[in-house]
Amino acid sequence: MASQEQLQHQQQQEDDISELFAALHQRMVQSGDWNRILGILRRMLEDCGYEESLQKFAAEQAREQERLQLAPLLGVLSPYAKDTLPAHVRDHIGALIRDFLDRNVEDA
């Protein structure tokens, strides 16, 4: 069982990570990189038919529900969306984000 000190240290680390994430997100938005990468992602997903495919799958899943409920539908859609995201899209967007991080994060 974790000691109180260990729990406090873990909470502090989580807080630090959240703070860093928020600062990086803010910098990404302010620099215009957020919208640029989002635009690239949208175009890539549209070009490969991902969005249309996901919409069809979502409609099928919704029709199978006796009574439409969002939480169970999202429980099915989220893993499906992650599993079917084309590797070339994931790799390209990941590279763009890594490039942003390389330009904006100092070595610890």
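Heads up: the sequence shown runs through residues -14 to 93, numbered per our numbering. Every residue, glycine too, gets a C-beta built ideally from N, C-alpha and C.
Unbroken alpha helix (DSSP H) run spanning residue i, endpoints
i, result
"Pro142", "Nothing in the structure corresponds to residue 142, since the chain is present only between -14 and 93."
"Ala178", "It is not possible to answer for residue 178, since the shown part of the chain is limited to -14 through 93."
Residue i and residue j closer than 9 Å at C-beta
i, j, result
"Leu86", "Leu9", "yes"
"Gln50", "Leu62", "no"
"Ala44", "Leu53", "no"
"Tyr65", "Leu39", "yes"
"Ile25", "Leu70", "no"
"Val74", "Cys33", "yes"
"Ala7", "Gln(-5)", "no"
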